[in-house]
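Residue numbers (my numbering): 459 to 1034. All residues carry an ideal CB built from backbone N, CA and C; glycine is no exception. Below: one structure, written as structure tokens.
Structure representation (structure tokens):
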């Protein structure tokens, strides 16, 4: 053991955290642990970070993910060694797919304590495999390695993240002693090589990425004004969704918004009306598809897109990265661009589109679909999904996975609302924790919707809402298990026991355990008034539980589908 090792651990960590700060990191999430002591103490001592703590590393990773979603900045995570590191994998996998930037500072045993039976030691080298953008395996802090090397290594990792998104994993093996080390005066000479950097406030190595002038040539090549087109908007920011809407309006094209975009339009409820043969054929007149973002919730929209492109319709995908986003392996043009700038350039260049308003008749199908209903004696899951339409302006929305996001896509319409979800890997783990991160970054109350199995999976993350003084609302639809499997062709004999897995739990006592308010509305009107009253007057988080029969929602969806298929609108006939 090197003399003054605790102090040297702190010196390295102080430099590393300052480098992260200068790269723009402002939020730092910490789980308890001994091996991570140098990181934790220096994070506290730094004074420039907003610190977030959680006892569960899996939830901590998703908390960081939510912060990164809402801030569009890198968020750092500090955990101890061993399985604490492995618990970050679900959030890391999601960040790789949806490109939120995380910095994983994982403490480790020094190399001499790995694979020899030492306590709380696992092989952490490349533990996240290809789920991270960059892996950095640091040596144990020692004076044989310069601090200049440490800084260039960190700055190099950041430029990889700026280009590709996703997570950086920095593995930090700390020898003992881990505590103490406040007196670091014996390392003044060692710090001398970065003296000028310490006295400045700049990054050590500045990478200047190429700046795109304009996209006029790219836009011109597409000849948008001569197309009978449609715009599909997927998992984008609200700003980009609004730009896409402006472009669609100028072109006179239909535009279909996924709920993840936070925007809606006159052609919503397409997951339902695409089941109507006349409406389907009318939309299929399109000879061009401009796709902004991806990962559409609607399976029917994905099927329609596949049919169109397979039959010769050209599809152009706008994306910020080169990652393949083409699950049906269709022939298409993939433009890796600054989407906001590309759409702005396209809008500025338009003059006289030839096929303006060609899809306007489809808005009548959307309107008729909106007014369809499925009879229910009490509040239904469709009522819950529709309640997203009536939330106060400016309140961010978080949509869980599985059934609720599909119902919102079918029967609701979100207009101009910052909307978040985890639709990369689309897991049901970590949803509550992610929503908590979003709420903290937004600095406003948030409303989240999720299912009962999702809430059970992430139940201990309710602790992240325990001390919030904002009137957050968590709406859980409790259909006693995985009701979504009632919509899938699972074997009837095994559906209940092996897929739906009914649990018989309710959440009133869970709310009490974590200090949350609780209510169980019995009607759609009561749900709506509960949401509005709490958001206006509440002072802490409210858990709203809506109980429904397990097979009811499947019947409602089938009823709506039958009604949509039977819709006949005057003066709108089969396309030639």
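- For residue 827, the closest alpha carbon among the candidates 836, 734 and 938 is that of 734.
- A direct Cα-to-Cα measurement between residue 746 and residue 687 gives close to 4 angstroms.
- Cβ-Cβ separation between residue 565 and residue 537: approximately 7 angstroms, consistent with a contact (criterion under 8 angstroms).
- When secondary structure is reduced to three states using DSSP, residue 472 falls in the helix class.
- Its Cα nearest to that of residue 956, the residue 942 stands out among 942, 483 and 839.
- Excluding sequence positions up to five before and after residue 637, its CB lies within less than 7 angstroms of the CB of 464 and 495, all in the same chain and listed in chain order.
- The beta carbon of residue 610 sits closer than 7 angstroms to those of 662 and 663, all from its chain and outside the five residues before and after it, given in chain order.
- Residue 772 carries a strand assignment under DSSP once its states are collapsed to helix, strand and coil.
- The beta carbon of residue 612 sits closer than 6 angstroms to those of 477, all from its chain and outside the five residues before and after it, given in chain order.
- DSSP places residue 931 in the strand class (E or B) of the three-state scheme.
- Residue 531 carries a coil assignment under DSSP once its states are collapsed to helix, strand and coil.
- Close CB contacts of residue 696 within its chain, under the 8 angstroms cut and outside five residues either way in sequence, are with 719, 720, 721, 874, 875, 876 and 877 (chain order).
- Every alpha helix (DSSP H) of 4 residues or more that sits fully in the segment 808–892 is shown, in chain order, as 820–828, 839–844 and 861–869.
- According to the DSSP assignment, residue 543 belongs to the alpha helix (DSSP H) that extends over 541–544.
- Between residue 729 and residue 910, the gap from beta carbon to beta carbon reaches 8 angstroms or more.
- Under the 10 Å beta carbon count, residue 665 is surrounded by fewer than 16 other beta carbons and is classified as exposed.
- Here DSSP, grouped into helix, strand and coil, assigns residue 665 to coil.
- For residue 1013, the enclosing alpha helix (DSSP H) starts and ends at 1010–1023.
- DSSP, reduced to helix, strand and coil, places residue 787 outside both helices and strands of the structure shown, so it counts as coil.
- Residue 744 places its beta carbon less than 8 angstroms from that of residue 771.
- Residue 589 and residue 893 have their C-alpha atoms some 22 angstroms from each other.
- Taking a contact to require three or more Cβ pairs closer than 8 angstroms, the segment 833–846 and the segment 912–931 do not qualify as touching.
- Counting along the chain, residue 915 sits inside the alpha helix (DSSP H) bounded by residues 910–915.
- The alpha carbon of residue 791 has as its nearest neighbour, out of 702, 676, 737 and 862, the alpha carbon of 676.
- When the beta-carbon positions are compared, residue 857 and residue 979 stay at least 8 angstroms from each other.
- Beta-carbon to beta-carbon, residue 528 and residue 899 are separated by about 3 angstroms, close enough to satisfy the 8 angstroms threshold.
- Sorting 539, 461, 552 and 897 by C-alpha distance to the C-alpha of residue 883 places 552 at the top.
- Residue 568 is not a Cβ neighbour of residue 490, given a cutoff of 8 angstroms.
- Residue 591 and residue 1018 have their C-alpha atoms some 44 angstroms from each other.
- Cβ contact annotation for residue 731 (same chain, cutoff 7 angstroms, sequence separation greater than five): 737, 823, 824, 827 and 1022, in chain order.
- The residue from 992, 906, 925 and 1011 with its alpha-carbon nearest to that of residue 938 is 1011.
- Under the three-state reduction of DSSP output, residue 571 falls in the helix class.
- Boundaries of the beta strand (DSSP E) harbouring residue 715: 713–715, taken from the DSSP string.
- Residue 987 and residue 692 have their C-alpha atoms some 31 angstroms from each other.
- Contact check between the segment 532–546 and the segment 554–561: three or more CB pairs, one atom from each, fall below 8 angstroms, which counts as touching.
- When DSSP assignments are scanned along the segment 919–995, the uninterrupted stretches of alpha helix (DSSP H) that are 4 or more residues long and fall wholly within it turn out to be 966–971 and 982–995.
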